[in-house]
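Colleague:
Chains as they are written, first to last, in my numbering: chain A, 13 to 433; chain B, 13 to 433.
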């Protein structure tokens, strides 16, 4: 008998009919002899509707109240799934994040899980019940206030519960049936992976694969919780995320997939005095504004004027704000100019095999050259190569790399979509 | 400085605009130098929508999960009102029933408040904050499960909090601006009462005045919490419910008002053997089916056959069920017949003055006679006379009694409506 944690995304729960379908799957898992804990996101558009109401009563709503408001969404879906399970003759019990012992930091709207004490959940499991836990929420240990976990919060709840309960596997259900070698909407013969190591999944998630949020993969890796990415609408077994890259024999290590990301903007600060501390000014300003940097590149100093350029990427939604701030510093810092470009895209190749196969970078660049795609910026890790290209050429770049590294399968894929929270 | 508890019904909160209006009133009360605790019902139709969803996933939803589901409604309105208050520059903090220390019995869907330990609310009040407490919900002390309080639950929350916090007054806001001498939709010159004693309000609520639920008035009376019934849409001071009837000097004691009720059905069991224990069979069967009796009448035994008839009223929604049950017992109990009639209405006159004014019953019956209304059943208490009449003659009876006892004012009233939960 295994203990299985299942997480269902909002689109899998958007109507009474879908909730009943999810309940059937849960009861089926239970009937196969497993203990089952289920984490639910809010139904379909509930969260957006609540955000909209909040906006109408207060354009800058206080974070604590926002959390109280938004957590209602998961309580609703949670209770409804429990009811649907009981209508199928199985026993269910629902828990709020607080009741399930999900303890978090104090930061409203974007709290982190600091621990899970699922005593009541364990008790209900021991009593033969299917347990439902409201995702995306917890309780701040100090003030006993309700908190929410930010983007990817329900996945994080599921993984943290799985870790605390020592579950055998944490299944993440959405409308995506696994991790693919590339986005099947762009690459027709993209192949679903049967298995991927935590490290590779981390790199894929970090560079734009939306199927899993980075934080959940990090948490799963830290506590060694195997994840399985599956679709709510099929019986396909999905993709297993588990194990270390180190465990993959060198001979088997291959390239995992191509990820892409069109959510970033590129900012370049030109003519920064090339003396110690001048570059730090740029990054301190960005950090103080709570903007996340992704790629960073500093050119070697030009000999003629002893000045350097710094280029970095950040979320497109923060781009304008970053530029305004940097422009306001330009005079005092004696920079020559600040440039902004949000017509860019990032394409990445990820795979443990990269370490043992020299020449991957050369093949990568040649593939793009042959496709007529110009590279604007390169950044690499041990198992990843990422480049910035024109956004208009992004799809072409993804297809070219996927082909060059022979990642495709024989069949064409038709379904693919985004992810919940 | 006074401590004021305010309760707002669902229709007062049905849109973002109404929530902002409510927030203005709350902040105004605070600015006048009062401490303010606010209890909110769920927004407009939220509860019905949730009930509808539950029905779709499970026609017989488990009560515990139903409570988890429904309490989301009050959490939402609560958080939104807190946000609206903060947008007006005041400080607010919202609490769930559980956080506010509302402890209840275990009975899901219809729990009773057994105690309130509002430590966190008091702390926030001491810190100068406006406190918002989600109505209609509490937590079962033994299992720490979320419970709901059934009909009138938000009023009960407000009154119980007011009692625990020793508030100066508990204001009940809805779309009704006070307690009237009769329903202004029926009696054009119905007069709003400035003040009414707890006992009189209890009788009025018991016989159909919908402005306050019986349980809230009972709670308020037990803990001596003055209630004020007011409208969310006007600055009218409403009706104060407080004090004992005993405190009203006999010379001032008058008749309070005329209430009516068209929610009951009449059942008559004919030809019951007139021996000890035979009548009890009827009432035991009704009690076991959890049907509430209202009026009960047993005729004197007819001399010729030593049999008696019993007539009683019960909620119309339970009427058919009661009749079916009684008919199934008919043979064994040797009753002659079971009759059912749901075309009836009840009209009642309430007032402390009844005690000191002989002849009220005679006037009452004559008023109905003069209006051509036939009386089918009479029942009285110390300060109330109620009769059953044909439902089609109910309005006529209300007007006739209101006129005869000169309860009306000089002006005509135009607004009146139902109440929330």
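Virtual Cβ for every residue (Gly too), placed ideally from N, Cα, C. Small disclaimer: the values here were computed from a predicted structure and weren't measured.
Quick check: the stretch 281-296 of chain A against the stretch 381-399 of chain A, are there 3 or more CB pairs under 8 Å?
Modeller: No, the stretch 281-296 of chain A does not touch the stretch 381-399 of chain A.
Colleague: DSSP on residue 414 of chain B, reduced to helix/strand/coil?
Modeller: Sequence index remark: in the second chain, residue 414 of chain B carries index 402 (1-based). Note: residue 414 of chain B maps to helix in three-state DSSP.
Colleague: Please confirm if residue 186 of chain B has its CB atom under 8 Å from at least one CB of chain A.
Modeller: Residue numbering aside, residue 186 of chain B sits at position 174 when the second chain is read from its first letter. Not closer than 8 Å to any Cβ of chain A, the Cβ of residue 186 of chain B fails to qualify, so no.
Colleague: Residues of the stretch 27-38 of chain A with a CB closer than 7 Å to any CB of chain B: list them in chain order, please.
Modeller: Listed by position along the chain: 28, 31, 32.
Colleague: Residue 90 of chain A CB to nearest chain B CB: under 8 Å?
Modeller: Residue mapping note: residue 90 of chain A aligns to position 78 of the first chain, counting from 1. Taking Cβ atoms only, chain B reaches closer than 8 Å to residue 90 of chain A, which makes this a yes.
Colleague: With a cut-off of 8 Å on the beta carbons, I'd call residue 54 of chain B and residue 180 of chain B a contact; round off their distance for me.
Modeller: As a working note, residue 54 of chain B is residue 42 in the second chain. As a working note, residue 180 of chain B is residue 168 in the second chain. Residue 54 of chain B to residue 180 of chain B, Cβ: 27 Å. No contact.
Colleague: If we count Cβ pairs, one from each stretch, closer than 8 Å, do we get three or more for the stretch 176-194 of chain B versus the stretch 235-252 of chain B?
Modeller: Yes, they touch.
Colleague: Helix or strand or just coil, what does DSSP make of residue 432 of chain B?
Modeller: Translated into positions along the second chain, residue 432 of chain B becomes position 420. Because the pLDDT at residue 432 of chain B is just 36, under 50, the model does not fix this residue reliably, and the value given afterwards should be weighed accordingly. Coil.
Colleague: For residue 266 of chain A, which residues from the same chain have a beta carbon less than 7 Å from its beta carbon, with the 5 sequence-adjacent residues on both sides left out?
Modeller: Indexing the first chain from 1 puts residue 266 of chain A at position 254. Counting only Cβ-Cβ distances below 7 Å, and skipping sequence neighbours, we find 363, 365.
Colleague: Could you check which residue in A/21, A/71, A/58 has the C-alpha nearest to that of residue 88 of chain A?
Modeller: Against the first chain, residue 88 of chain A aligns to sequence position 76. Closest by alpha carbon: A/58.
Colleague: Rounded to the nearest angstrom, what separates residue 32 of chain A and residue 69 of chain B at their Cα positions?
Modeller: Counting from 1 along the first chain, the entry for residue 32 of chain A is found at position 20. Counting from 1 along the second chain, the entry for residue 69 of chain B is found at position 57. Cα to Cα, residue 32 of chain A sits roughly 6 Å from residue 69 of chain B.
Colleague: Which value, in whole angstroms, describes the spacing of the CA atoms of residue 421 of chain A and residue 396 of chain A?
Modeller: Position 409 of the first chain, counted from the start, is the residue given in the question as residue 421 of chain A. Position 384 of the first chain, counted from the start, is the residue given in the question as residue 396 of chain A. The alpha-carbon atoms of residue 421 of chain A and residue 396 of chain A are separated by roughly 21 Å.
Colleague: Are the CB atoms of residue 359 of chain B and residue 410 of chain B within a distance shorter than 8 Å?
Modeller: As a working mapping, residue 410 of chain B is identified with position 398 in the second chain. As a working mapping, residue 359 of chain B is identified with position 347 in the second chain. For residue 410 of chain B and residue 359 of chain B, yes; Cβs fall inside 8 Å.
Colleague: Give the C-beta separation of residue 250 of chain B and residue 190 of chain B to the nearest angstrom, bearing in mind that I take them to be a contact with Cβ-Cβ under 8 Å.
Modeller: Counted from its first residue, the second chain places residue 250 of chain B at position 238. Counted from its first residue, the second chain places residue 190 of chain B at position 178. That belief holds up - the Cβ atoms of residue 250 of chain B and residue 190 of chain B are roughly 4 Å apart, short of 8 Å.
Colleague: Since residue 173 of chain A meets chain B, which of its residues come closer than 9 Å, beta carbon to beta carbon?
Modeller: Within the first chain, the letter at position 161 stands for residue 173 of chain A. Result: empty, since nearest Cβ-Cβ is about 18 Å, beyond 9 Å.
Colleague: Is the number of C-beta pairs between the stretch 161-173 of chain B and the stretch 96-106 of chain B that are closer than 8 Å three or more?
Modeller: Segments in contact, no.
Colleague: Cβ of residue 68 of chain A less than 8 Å from any chain B Cβ?
Modeller: The residue labelled residue 68 of chain A in the question sits at position 56 within the first chain. Yes, contact with chain B.
Colleague: Would you mind working out which of B/91, B/77, B/90 sits nearest residue 91 of chain A, comparing C-alpha positions?
Modeller: Against the first chain, residue 91 of chain A aligns to sequence position 79. When each option's Cα is compared against that of residue 91 of chain A, the closest is B/77.
Colleague: So that I know if they touch, is there some Cβ in chain B lying closer than 8 Å to that of residue 74 of chain A?
Modeller: Within the first chain, numbered from 1, the residue matching residue 74 of chain A stands at position 62. Chain B, which has a Cβ nearer than 8 Å to the Cβ of residue 74 of chain A, makes this yes.
Colleague: The stretch 97-131 of chain A: which residues have C-beta closer than 8 Å to a C-beta of chain B, in chain order?
Modeller: Correct list: 98, 99, 104, 105, 106, 108, 111.
Colleague: Nearest by alpha-carbon distance to residue 139 of chain B: which of B/172, B/109, B/47, B/375 is it?
Modeller: Walking along the second chain from the start, residue 139 of chain B turns up at place 127. Considering only alpha carbons, the answer is B/47.
Colleague: Taking the alpha-carbon of residue 374 of chain A as reference, which of A/343, A/333, A/416 has the nearest alpha-carbon?
Modeller: Along the first chain, one-based indexing puts residue 374 of chain A at 362. Residue 374 of chain A has its Cα closest to that of A/416, out of A/343, A/333, A/416.
Colleague: Is there contact here, the stretch 320-339 of chain A with the stretch 347-361 of chain A, by at least three beta-carbon pairs under 8 Å?
Modeller: Output reads yes: the stretch 347-361 of chain A touches the stretch 320-339 of chain A.
Colleague: Using the Cα positions of residue 255 of chain A and residue 235 of chain A, report the straight-line distance between them to the nearest angstrom.
Modeller: Here residue 255 of chain A corresponds to residue number 243 of the first chain, with the count starting at 1. Here residue 235 of chain A corresponds to residue number 223 of the first chain, with the count starting at 1. Whole-angstrom Cα-Cα distance: 11 Å.
Colleague: So which residues on chain A does residue 65 of chain B lean against when the C-beta distance must stay under 7 Å?
Modeller: Counted from its first residue, the second chain places residue 65 of chain B at position 53. Going along chain A in sequence order, the residues near residue 65 of chain B (Cβ under 7 Å) are 28, 92.
Colleague: Would you mind stating whether residue 237 of chain B and residue 175 of chain B have Cβ atoms separated by less than 8 Å?
Modeller: By one-based count along the second chain, residue 237 of chain B stands at place 225. By one-based count along the second chain, residue 175 of chain B stands at place 163. In contact: residue 237 of chain B and residue 175 of chain B (Cβ atoms closer than 8 Å).
Colleague: Quick check on residue 40 of chain A - is its C-beta less than 8 Å from some C-beta in chain B?
Modeller: Sequence index remark: in the first chain, residue 40 of chain A carries index 28 (1-based). For residue 40 of chain A, the answer is no, since every Cβ of chain B falls outside 8 Å of its Cβ.
Colleague: Residue 375 of chain A: beta carbon under 7 Å from a heavy atom of the ligand GDP?
Modeller: This structure does not include the ligand GDP; it has no bound ligands of any sort.
Colleague: Out of A/371, A/405, A/370, A/367, which has the shortest C-alpha to C-alpha gap to residue 385 of chain A?
Modeller: Your numbering for residue 385 of chain A matches position 373 in the first chain. Nearest option by C-alpha distance: A/405.
Colleague: Restricting to Cα atoms, I'd like to know which of B/228, B/211, B/299 is closest to residue 393 of chain B.
Modeller: The sequence position of residue 393 of chain B within the second chain is 381, counting from 1. Comparing Cα positions, the closest option is B/211.
Colleague: Chain A beta carbons: is any one of them nearer than 8 Å to that of residue 54 of chain B?
Modeller: Looking up residue 54 of chain B in the second chain gives position 42. With 8 Å as the cut-off, residue 54 of chain B does not count as an interface residue toward chain A.
Colleague: Step through the CB atoms of chain A and report whether any lies within less than 8 Å of the CB of residue 177 of chain B.
Modeller: Start at 1 with the first residue of the second chain, and residue 177 of chain B comes out as number 165. Cβ-Cβ to chain A under 8 Å: no for residue 177 of chain B.
Colleague: Does the stretch 37-47 of chain B come within contact of the stretch 199-213 of chain B, defined as at least 3 CB pairs closer than 8 Å?
Modeller: The answer is no - the stretch 199-213 of chain B does not touch the stretch 37-47 of chain B, with fewer than three Cβ pairs under 8 Å.
Colleague: Please work out which residues of its chain come closer than 6 Å, Cβ to Cβ, to residue 96 of chain A, disregarding the five sequence neighbours upstream and downstream, and give them in chain order.
Modeller: The residue you call residue 96 of chain A lines up with position 84 of the first chain. Only 31, 32, 35 meet the Cβ criterion.
Colleague: Taking buried to mean at least 16 other C-beta atoms within 10 Å of its own C-beta, is residue 248 of chain A buried or exposed?
Modeller: Working through the first chain from its first residue, we reach residue 248 of chain A at position 236. Answer is exposed; the Cβ neighbour count stays below 16.
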